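S.K.: Dumping the structure here so I can ask a few things about it.
Protein chains: 2
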Amino acid sequence: MSTILAQELVGLLSAQGKRITTVESCTGGLVAGAITAISGSSAVFDYGFVTYSNTAKTRLVHVPQTLIETHGAVSLQVARAMAEGALREAGADIALSITGIAGPTGGSADKPVGMVCFGLSRSGRKGEIITEAKVEQFGAIGRDAVREKSVELALSWALKVLS
Amino acid sequence: MSTILAQELVGLLSAQGKRITTVESCTGGLVAGAITAISGSSAVFDYGFVTYSNTAKTRLVHVPQTLIETHGAVSLQVARAMAEGALREAGADIALSITGIAGPTGGSADKPVGMVCFGLSRSGRKGEIITEAKVEQFGAIGRDAVREKSVELALSWALKVLS
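Protein chains in written order, with numbering that gives the first Met the number 0: chain A, 0 to 162; chain B, 0 to 162.
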């Protein structure tokens, strides 16, 4: 599934002459891995960031430490900041961010296992930066399944926004 | 296979109180993806770099541009520089780098499809940095297989060095 989505996405980005970047926490590199599985992806993909720890989020893509302290690493606010930071850092046209609780541990009443936040940042027609974020509750479907579904959601979202 | 290797590696790193980082070109995030597939990997993994383009290699992990111009992005020299740069940048105890030609295009007589260079950098007992590099010729076994075998080789190498 993610291969088909990645194939479509790389094709669309190539046709539009756009470049994508990724910044991943719970998916740990799998979105970048899906995109680079496609031959010819080097035309649309330069950089990917795997920011597994909070320090990595602040250092690599400049998420303000206070944002993490206030809202938590798994939050819409941090997902937005990750996407914006990656977009700027990579000089890309579109950036995808993923931060969530893949489980089986790490969940809480507020933020249960399977909760994943996504960010998408892109440059608009006038050069302005447009950033959106959303949250998905996949439930306790297992660590691998949460990660896989997160990869699919991120790729689908980028496809939809670019189409 | 890579799940078993990653499980062993995360266990070994945890037991030794060490942290690992990755910097990937042709595997595009799959080594980081394999490590973070393991629950508890956050104890040993903070950062991963996906440096797909030459610019990403120079900007994210400080590979000298001249090294790429002289030896090519797929070379033992660049694999070494990627690993050393990632080790320092992430403040990790061990760093794995991968740069190769997954194919099906991009090969040459000198550097055929399936040629992959690996680097491993680590801090020694006296705080010195020890870096090694090696090359593997997987042959034209297909893009996915080259990437998969590269992930396995990288994880196995780290396991062997740490054991």
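Built from N, CA and C at the ideal position, the CB exists for glycine as well. Given the structure is predicted, the values throughout are model-derived calculations rather than measurements.
Looking at T21/B: is its Cβ nearer than 8 Å to the Cβ of V9/B?
M.R.: Going by beta carbons, T21/B and V9/B fall outside the 8 Å limit.
S.K.: Between P103/B and chain A, is any beta-carbon pair separated by less than 8 Å?
M.R.: yes
S.K.: Would you be able to state if there are at least three C-beta pairs under 8 Å between the stretch 140-160 of chain B and the stretch 83-103 of chain B?
M.R.: Yes, since at least three Cβ pairs between the stretch 83-103 of chain B and the stretch 140-160 of chain B fall closer than 8 Å, the two stretches touch.
S.K.: What residue from F137/B, T54/B, L59/B, G138/B has the CA that sits closest to F48/B's CA?
M.R.: Minimum Cα distance to F48/B is reached at L59/B.
S.K.: Compare the C-beta of F137/B against all C-beta atoms of chain A and say whether one is closer than 8 Å.
M.R.: no
S.K.: List, in order along the chain, the chain A residues whose C-beta lies closer than 9 Å to that of F117/B?
M.R.: Those do not exist, as F117/B stays about 17 Å from chain A at its closest Cβ, beyond 9 Å.
S.K.: Closest by CA to P111/B, which one among A36/B, F137/B, H61/B, S155/B?
M.R.: F137/B
S.K.: Could you check where the beta strand (DSSP E) with V134/A kicks off and where it finishes?
M.R.: 128-136
S.K.: Would you say V49/B lies against chain A (beta-carbon separation less than 8 Å)?
M.R.: yes
S.K.: Assign D109/A to buried or exposed, taking buried as 16 or more other Cβ atoms, counted over all protein chains shown, within 10 Å of its Cβ.
M.R.: So D109/A ends up on the exposed side.
S.K.: Of all the CB atoms in chain A, is at least one closer than 8 Å to the CB of D92/B?
M.R.: Cβ-Cβ to chain A under 8 Å: no for D92/B.
S.K.: Verify whether the separation of the beta carbon atoms of G141/B and A82/B is less than 8 Å.
M.R.: With contacts defined as CB atoms closer than 8 Å, G141/B and A82/B fail to qualify as a contacting pair.
S.K.: DSSP on M114/A, reduced to helix/strand/coil?
M.R.: strand
S.K.: Would you grab the beta carbon distance between G84/B and H61/B for me? Rounded to a whole angstrom, and I think it's under 8 Å.
M.R.: Rounded, the Cβ-Cβ distance is 4 Å, consistent with contact.
S.K.: Looking at the unbroken beta strand (DSSP E) that takes in T57/A, where does it start and where does it end?
M.R.: Segment 53-60 is the alpha helix (DSSP H) holding T57/A; no beta strand (DSSP E) there.
S.K.: To test your reading of the DSSP string, which unbroken alpha helix (DSSP H) runs of 4 or more residues are found completely within the stretch 19-55 of chain B?
M.R.: Within the stretch 19-55 of chain B, the alpha helix (DSSP H) runs of at least 4 residues that lie entirely inside it are, in chain order, 29-34.
S.K.: Let's see if you can read the secondary structure: which residues bound the beta strand (DSSP E) around I67/A?
M.R.: Note, I67/A: premise wrong, no beta strand (DSSP E); alpha helix (DSSP H) at 64-70.
S.K.: DSSP on I93/B, reduced to helix/strand/coil?
M.R.: Strand.
S.K.: List the residues of chain A whose Cβ lies closer than 8 Å to the Cβ of A36/B, in chain order.
M.R.: G27, R142, D143, R146
S.K.: On a CA-only basis, which of I37/B, I19/B, G27/B is nearest Q6/B? Give me that one, please.
M.R.: I37/B
S.K.: Alpha carbon to alpha carbon, how far is C116/B from S74/B? Give it in angstroms, no decimals.
M.R.: 6 Å
S.K.: Determine the chain A residues that contact D45/B at a beta-carbon separation under 7 Å, and present them in chain order.
M.R.: Chain A residues near D45/B: Y51, S52, T54, A55.
S.K.: Could you list the residues in the stretch 54-79 of chain B with a C-beta less than 9 Å from some C-beta on chain A, going in chain order?
M.R.: Cβ contacts with chain A come from T54, A55, R58, L59.
S.K.: Going by Cα to Cα distance, which pick from Y46/A, K133/A, S40/A, S52/A is closest to S40/B?
M.R.: S52/A
S.K.: Taking the beta carbon of S107/A as the centre, do at least 16 other beta carbons fall within 10 Å, making it buried, or is it exposed?
M.R.: exposed
S.K.: Counting only Cβ pairs nearer than 8 Å, list the residues of chain A close to S41/B.
M.R.: Residues of chain A passing the Cβ test: Y51, S52.
S.K.: Give me the residue from S24/A, L154/A, V150/A, V160/A with the minimum Cα distance to A172/A.
M.R.: Absent from the model: residue 172/A. The displayed extent of chain A is 0 to 162, so no value can be given.
S.K.: Between the beta-carbon of I97/B and the beta-carbon of A33/B, is there less than 8 Å?
M.R.: In this structure, A33/B does not lie closer than 8 Å to I97/B by Cβ.
S.K.: Specify the secondary structure class of S13/A as computed by DSSP and reduced to three states.
M.R.: Note: S13/A maps to helix in three-state DSSP.
S.K.: For the alpha helix (DSSP H) holding K148/A, just list the boundary residues, first then last.
M.R.: 142-161
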